[in-house]
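K.L.:
2 protein chains.
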Amino acid sequence: MGIAERKIRQKEEFRTSILEAAWLQVLADGWQSLSIRKIADAIEYSIPVIYNHFENKEAILLEFTKEGFQKLADALQSVKDQHTDPSAQLEAIAHAYWDFAFENKEYYQLMFGLGIPACDRVNQVVEMKTMSMVMITTIQDAIAGSKNRDVDYFLKYHTYFSILHGLVSIQMIEKAGKPDAEKKMILQDAISGFINSLVVR
Amino acid sequence: MGIAERKIRQKEEFRTSILEAAWLQVLADGWQSLSIRKIADAIEYSIPVIYNHFENKEAILLEFTKEGFQKLADALQSVKDQHTDPSAQLEAIAHAYWDFAFENKEYYQLMFGLGIPACDRVNQVVEMKTMSMVMITTIQDAIAGSKNRDVDYFLKYHTYFSILHGLVSIQMIEKAGKPDAEKKMILQDAISGFINSLVVR
DNA sequence: TTACTTTTGTTAACACTGTTAATTAATTTT
DNA sequence: AAAATTAATTAACAGTGTTAACAAAAGTAA
């Protein structure tokens, strides 16, 4: 009897239609404004049917998070395979990572819990500039006392700042109880690498 | 007539009492669960009074964002002043940045729009491990072909990953229409520095 | 002191959100 | 055809940010 199979197939179709409607919403207005009601409206069913296929809203977002990481993994593996030298591979992976993030902003923001709030907010915060200046002036001093005096200080500031923020936010996501000492080693590693490449003499 | 001054002073006190109540809420349950109603409840006033002092909820969060950047800037300047050599300053600033972030998680998450959603989500995503493996195996290969064969590959993976994520997310926040080429230079700069320090031979 | 004006605060509502219990409609099985 | 199971809906609960309409208090002027 194939009717059981048909039922399973229909259930699967229903599930994907929910995900499709949800994704359209995400693409249209960002994942912050995704709502169960809008999904229900799009698929022309009542609200509770969605809860027959997903435990809650979080489960739907989790689905996209998984999808995103899978796509990213595929993209990285793909460019890695185009090179043989590990250094070239690391460089290619880095560029592919970057490209994925900006070609799939919604995925990326979802995957790493990047909220839009601060994006609108942070740009109108003059206090951030005072922080930037502490970093920038120090980097300028470092460059002035180095061999390559014509290094772009603003570029280096961005690199420095990005490394710091990356280290912190990744560590906040992986909030596993790793010992503090080990965490700080990662910081030490990244930052000393940066400084060394900055003040070559 | 000092009554006008008193009024201004009272208004100022009211304002700070709102912020204090709000901050207690943030510390208690995270800034995601801050609500106007809870603030109103805490200060024992009705809801609309809050809108006499702040345009909306966003304005309250913006206040904390400013506060956070000011505190961070002060902390960085403070440790910078304890050193004279720019390299030492950059290292000290990095550690101070890190310490600030983890001693003031609520501030930091607010400042950079780090949502908790993914934090809970991302840790149960096995797909992330497949992405990690692409990076890790490549780094292992790179180490194997380098001079320092006993480098901690897991440490280097974290560094690599953090640099990439930092670059991307900072760039997403500063969404000013900088040309793509310039953006990619920052990536190139950071990543080539990392690779160079990895495959010294 | 009384009358008027301005400021301040409250009630009640609107338009949303996620989630779920109770109920009806449709389908399958007996 | 009747009973049992499954599917879908209505309606509600408990929240959220925000605001219009109104009442109370305080300051000003006659």
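Read top to bottom, the protein sequences are chains A and B.
The working numbering puts the first sequence at residues 12 to 212.
The working numbering puts the second sequence at residues 12 to 212.
Idealized CB from N, CA, C, for every residue including glycine.
State yes or no: is the beta carbon of residue 91 of chain B nearer than 8 Å to at least one beta carbon in chain A?
P.N.:
Looking up residue 91 of chain B in the second sequence gives position 80. Cβ-Cβ to chain A under 8 Å: yes for residue 91 of chain B.
K.L.:
Would residue 211 of chain A be called buried (16 or more neighbouring beta carbons within 10 Å of its own) or exposed?
P.N.:
Here residue 211 of chain A is taken as the residue at index 200 of the first sequence, counted from 1. Exposed, because fewer than 16 other Cβ atoms sit within 10 Å of the Cβ of residue 211 of chain A.
K.L.:
Go ahead and pull the three-state DSSP assignment for residue 87 of chain A.
P.N.:
As a first step, residue 87 of chain A must be located in the first sequence, where it is residue number 76. In the structure shown, residue 87 of chain A sits in a helix (DSSP, three-state: H, G or I).
K.L.:
Check whether the segment 52 to 60 of chain B and the segment 83 to 102 of chain B are in contact - that is, three or more C-beta pairs closer than 8 Å.
P.N.:
No, the segment 52 to 60 of chain B does not touch the segment 83 to 102 of chain B.
K.L.:
If you follow the alpha helix (DSSP H) that residue 191 of chain B is part of, which residue opens it and which one closes it?
P.N.:
Position 180 of the second sequence, counted from the start, is the residue given in the question as residue 191 of chain B. Unbroken alpha helix (DSSP H) run through residue 191 of chain B: 191 to 209.
K.L.:
Helix, strand or coil for residue 30 of chain A per DSSP?
P.N.:
Counting from 1 along the first sequence, the entry for residue 30 of chain A is found at position 19. Looking at residue 30 of chain A - three-state DSSP - the assignment turns out to be helix.
K.L.:
For chain A, find out if any of its Cβ atoms is closer than 8 Å to the Cβ of residue 190 of chain B; answer yes or no.
P.N.:
The sequence position of residue 190 of chain B within the second sequence is 179, counting from 1. Judged by the 8 Å Cβ criterion, residue 190 of chain B is not in contact with chain A.
K.L.:
Is there a C-beta anywhere in chain B that falls below 8 Å from the one on residue 109 of chain A?
P.N.:
Working through the first sequence from its first residue, we reach residue 109 of chain A at position 98. Yes, residue 109 of chain A lies at the interface with chain B (some Cβ there is under 8 Å from its Cβ).
K.L.:
I need the straight-line Cα distance from residue 50 of chain B to residue 175 of chain B, nearest angstrom please.
P.N.:
Within the second sequence, residue 50 of chain B is the residue found at index 39, counting from 1. Within the second sequence, residue 175 of chain B is the residue found at index 164, counting from 1. Residue 50 of chain B and residue 175 of chain B have their C-alpha atoms some 38 Å from each other.
K.L.:
Looking at chain A, is there any beta carbon in it that lies within less than 8 Å of the beta carbon of residue 80 of chain B?
P.N.:
Working through the second sequence from its first residue, we reach residue 80 of chain B at position 69. Closer than 8 Å to some Cβ of chain A, the Cβ of residue 80 of chain B qualifies, so yes.
K.L.:
Residue 102 of chain B: buried (16+ other C-beta within 10 angstroms of its C-beta) or exposed?
P.N.:
In the second sequence, residue 102 of chain B corresponds to position 91, counting from 1. Under this definition residue 102 of chain B is a buried residue.
K.L.:
How about residue 77 of chain B and residue 47 of chain B: do their beta carbons lie closer than 8 Å?
P.N.:
Against the second sequence, residue 77 of chain B aligns to sequence position 66. Against the second sequence, residue 47 of chain B aligns to sequence position 36. No, the Cβ-Cβ distance between residue 77 of chain B and residue 47 of chain B is not below 8 Å.
K.L.:
Would you list, in sequence order, the uninterrupted alpha helix (DSSP H) runs of no fewer than 4 residues that lie entirely inside the segment 151 to 194 of chain B?
P.N.:
Listed in chain order, they are 164 to 184.
K.L.:
Does DSSP put residue 103 of chain A in a helix, a strand or coil?
P.N.:
Numbered from its first residue, the first sequence carries residue 103 of chain A at position 92. DSSP places residue 103 of chain A in helix when its eight states are reduced to three.
K.L.:
Short check: CB of residue 104 of chain B to CB of residue 149 of chain A, under 8 Å?
P.N.:
Locating residue 104 of chain B in the second sequence gives position 93, counting from the first residue. Locating residue 149 of chain A in the first sequence gives position 138, counting from the first residue. Going by C-beta atoms, residue 104 of chain B is nearer than 8 Å to residue 149 of chain A.
K.L.:
Nearest chain B C-beta to residue 98 of chain A closer than 8 Å, yes or no?
P.N.:
Residue mapping note: residue 98 of chain A aligns to position 87 of the first sequence, counting from 1. Judged by the 8 Å Cβ criterion, residue 98 of chain A is in contact with chain B.
K.L.:
Under DSSP, the alpha helix (DSSP H) around residue 58 of chain B begins and ends at which residues?
P.N.:
One-based indexing of the second sequence puts residue 58 of chain B at position 47. Careful: residue 58 of chain B lies outside any alpha helix (DSSP H) and carries neither H nor E.
K.L.:
Please say whether residue 205 of chain B and residue 204 of chain A have beta carbons closer to each other than 8 Å?
P.N.:
Position 193 of the first sequence, counted from the first residue, corresponds to residue 204 of chain A. Position 194 of the second sequence, counted from the first residue, corresponds to residue 205 of chain B. Remark: C-beta atoms of residue 204 of chain A and residue 205 of chain B approach each other more closely than 8 Å.
K.L.:
Output, in sequence order along the chain, the residues in the segment 162 to 173 of chain B whose CB is closer than 9 Å to any CB in chain A.
P.N.:
If the cut-off is 9 Å between Cβ atoms, the segment 162 to 173 of chain B has 163, 166, 167, 169, 170, 171, 172, 173 near chain A.
K.L.:
Rounded to whole angstroms, what is the Cα-Cα separation between residue 121 of chain A and residue 73 of chain A?
P.N.:
To locate residue 121 of chain A, count along the first sequence from 1; it is residue 110. To locate residue 73 of chain A, count along the first sequence from 1; it is residue 62. Cα to Cα, residue 121 of chain A sits roughly 9 Å from residue 73 of chain A.
K.L.:
Can you list, in chain order, the residues of its chain with a C-beta nearer than 7 Å to that of residue 38 of chain B? Leave out the 5 residues immediately preceding and following it.
P.N.:
Residue 38 of chain B sits at position 27 when you count from the first residue of the second sequence. Here the set comprises 117.
K.L.:
Relative to the C-alpha of residue 26 of chain A, which residue among A/44, A/92, A/181, A/70 is closest?
P.N.:
As a working note, residue 26 of chain A is residue 15 in the first sequence. Here the closest residue by C-alpha is A/70.
K.L.:
Beta carbons nearer than 9 Å to chain B: which residues of the segment 192 to 211 of chain A have them?
P.N.:
Taking 9 Å as the Cβ-Cβ cut-off, the segment 192 to 211 of chain A approaches chain B at 193, 194, 195, 196, 197, 198, 199, 200, 201, 202, 203, 204, 205, 206, 207, 208, 209, 210, given in chain order.
K.L.:
Rank A/182, A/24, A/167, A/94 by C-alpha distance to the C-alpha of residue 152 of chain B and give the top, closest one.
P.N.:
Start at 1 with the first residue of the second sequence, and residue 152 of chain B comes out as number 141. By alpha-carbon distance to residue 152 of chain B, the top candidate from A/182, A/24, A/167, A/94 is A/94.
K.L.:
Spatial neighbours of residue 139 of chain B within its chain, please: CB distance less than 8 Å, with the 5 preceding and 5 following residues excluded, ordered by chain position.
P.N.:
Within the second sequence, the letter at position 128 stands for residue 139 of chain B. For residue 139 of chain B, where only same-chain residues beyond five positions count, the Cβ hits under 8 Å are 133.
K.L.:
Using a C-beta cutoff of 8 Å, does residue 119 of chain B count as contacting chain A?
P.N.:
Numbered from 1 along the second sequence, position 108 holds the residue referred to as residue 119 of chain B. For residue 119 of chain B, the answer is yes, since a Cβ of chain A falls inside 8 Å of its Cβ.
K.L.:
In this structure, how does DSSP classify residue 45 of chain B when only helix, strand and coil are distinguished?
P.N.:
For the purposes of this step, residue 45 of chain B is identified with residue 34 of the second sequence, where counting begins at 1. In this structure, residue 45 of chain B counts as coil in the three-state DSSP scheme.
K.L.:
Going straight from the alpha carbon of residue 145 of chain B to that of residue 209 of chain B, what length do you get?
P.N.:
For the purposes of this step, residue 145 of chain B is identified with residue 134 of the second sequence, where counting begins at 1. For the purposes of this step, residue 209 of chain B is identified with residue 198 of the second sequence, where counting begins at 1. Roughly 17 Å separates the two Cα atoms.
K.L.:
Residue 40 of chain B CB to nearest chain A CB: under 8 Å?
P.N.:
By 1-based counting over the second sequence, the position of residue 40 of chain B is 29. Judged by the 8 Å Cβ criterion, residue 40 of chain B is not in contact with chain A.
K.L.:
Using 7 Å as the cut-off, classify the Cβ of residue 106 of chain B as near or not near the heavy atoms of the ligand PLP, replying yes or no.
P.N.:
With respect to the ligand PLP, the structure shown offers nothing to examine, as it has no ligands at all.
K.L.:
Using the beta-carbon of each residue, which ones in chain B are nearer than 9 Å to residue 18 of chain A?
P.N.:
Along the first sequence, read from residue 1 onward, the residue named residue 18 of chain A stands at position 7. What residue 18 of chain A touches in chain B, judged by beta-carbon distance under 9 Å, is nothing: the nearest beta carbon there is about 28 Å away.
K.L.:
Can you list the residues of chain A that residue 123 of chain B reaches, using a CB-CB cut of under 8 Å?
P.N.:
In the second sequence, residue 123 of chain B corresponds to position 112, counting from 1. Those are 129, 133, 176, 180, listed as they occur along chain A.
K.L.:
Going by other Cβ atoms of all chains shown within 10 Å of its Cβ, with 16 needed for buried, is residue 84 of chain B buried or exposed?
P.N.:
By one-based count along the second sequence, residue 84 of chain B stands at place 73. Taking a 10 Å sphere around the C-beta of residue 84 of chain B, we find 16 or more other C-beta atoms and assign the residue as buried.
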